[in-house]
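Undergrad:
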Amino acid sequence: MNARTGGRIGAVVGLVAVAALLTGCDQPLRNKSEANYDVTDTVRTLSVTGDAVTLDVVAGDGPVSVEEVVRYNGDKPRTSHRVTDGVLKLDSPGCRGTKACEVRYRVTVPAATALVTDVDAGKVDATGLSGRFDVRIDVGQVTADRLLSRTSDVRVNVGDVDLRYATTPDRVGVTTNTGAVSLRLPGAGPYAVRTHADVGDTDVTVPRSATSKHAVDVTVDVGQITAAST
């Protein structure tokens with residue numbers, strides 16, 4: 608192990624420890640609060656922010672619906688939801704520092720809804736979305752299945768990214784400091800693929816063309832990159 612790799616691994620260990628602290632996973636969460644609500648306002652964008660968040664977003668018919676589960680010790684952390692100018696904002700800032708808690712959302716939205724997140728620690732899982740896919744997680748995991756989004760931008764500090772597309776995207780951008788990136792893309796393509804990994808293997812088997820209008824850009828400091836046809 609060289610000094611550079613050792614330094615990166617040390618940083619990963621530190622960040623994983625931070626994630627454990629944020630989510631309180633080193634101690635059982637004894638209290639639980641649940642809330643279910645429909646949103647009657649027009650929603651074009653779902654925006655989720657928080658400290659320790661697990662988010663499951665599913666495309667569906669009917670009104671926007673939210674299932675919210677909060678697990679915690681001590682005082683219940685604060686959560687909020689509101690709609691402003693077509694943006695449904697879910698915020699859960701109460702798990703910061705040494706407070707042991709986590710917030711889980713399951714949200715059903717129209718497929719065309721854009722998804723925007725900024726989460727310290729947690730997981731984002733999306734199914735069947737066709738709107739803009741803009742996901743930020745410091746420590747955690749991002750997965751998407753049957754993705755129809757024309758543009759996707761995913762940034763993770765530490766964690767894996769797994770995106771599976773049902774239609775050919777115009778642009779895919781993924782950046783992670785430490786973690787594996789797996790893309791499954793429709794085989795028609797071709798794709799203008801650019802990848803960079805400081806430490807780790809790269810395996811790209813999708814059809815490629817430098818002049819293609821379908822751009823795929825993946826940057827990883829430490830981890831494996833895979834781009835294969837569905």
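Numbered according to this note's numbering, the sequence shown spans residues 608 to 837. All residues carry an ideal CB built from backbone N, CA and C; glycine is no exception.
(1) Which stretch, first to last residue, makes up the beta strand (DSSP E) that contains Arg863?
(2) Hey, is Arg685's beta-carbon within less than 9 angstroms of any beta-carbon in chain C?
(3) Spatial neighbours of Pro684 within its chain, please: CB distance less than 6 angstroms, with the 5 preceding and 5 following residues excluded, ordered by chain position.
(4) With distances taken Cα to Cα, identify the nearest neighbour of Arg651 among Leu722, Ser759 and Ala787.
(5) Do you know whose CA, among Thr649, Glu641, Val806 and Ala666, lies nearest Val694's CA?
(6) Closest to Arg771 by CA distance: which of Thr691, Ala659 and Ala751 is it?
(7) State the beta-bridge partners of Lys639 as determined by DSSP.
(8) Tell me where the beta strand (DSSP E) around Ser687 begins and ends.
(9) For Val748, which residues does DSSP report across the bridge?
(10) Kindly indicate which three-state DSSP category Asp767 falls into: helix, strand or coil?
(11) For Asp824 versus Arg778, is the C-beta distance shorter than 9 angstroms?
(12) Cutting at 6 angstroms between CB atoms, please list the residues of its own chain near Asp645, excluding the five before and the five after it.
TA: The structure says:
(1) Nothing about residue 863 can be reported from this structure: the residues present for the chain run from 608 to 837 only.
(2) Of the protein chains in this structure there is only one, and it is not chain C.
(3) Stepping through the sequence shown from its first residue, residue 684 is reached at position 77. The answer, listed in chain order, is Gly701, Cys702 and Cys708.
(4) Your numbering for residue 651 matches position 44 in the sequence shown. Closest option to Arg651, Cα to Cα, is Leu722.
(5) Sequence index remark: in the sequence shown, residue 694 carries index 87 (1-based). When only C-alpha atoms are compared, the closest one is Thr649.
(6) Against the sequence shown, residue 771 aligns to sequence position 164. Nearest neighbour of Arg771 by Cα position, chosen from Thr691, Ala659 and Ala751, turns out to be Ala751.
(7) Here residue 639 corresponds to residue number 32 of the sequence shown, with the count starting at 1. Lys639 pairs with Arg678.
(8) On the sequence shown, position 80 is the one that residue 687 refers to. Membership of Ser687 in the beta strand (DSSP E) is indicated by the continuous run Ser687 to Thr691.
(9) As a working mapping, residue 748 is identified with position 141 in the sequence shown. According to the sequence provided, residue 748 is Gln. The question's Val does not apply to it. Among the bridge pairs identified by DSSP, Gln748 is matched with Lys730.
(10) Within the sequence shown, numbered from 1, the residue matching residue 767 stands at position 160. The three-state secondary structure of Asp767, taken from DSSP, is coil.
(11) As a working mapping, residue 824 is identified with position 217 in the sequence shown. As a working mapping, residue 778 is identified with position 171 in the sequence shown. Taking the C-beta atoms as reference points, Arg778 is found nearer than 9 angstroms to Asp824.
(12) Locating residue 645 in the sequence shown gives position 38, counting from the first residue. Excluding positions up to five away in sequence, the list reads Pro670 and Ser672.
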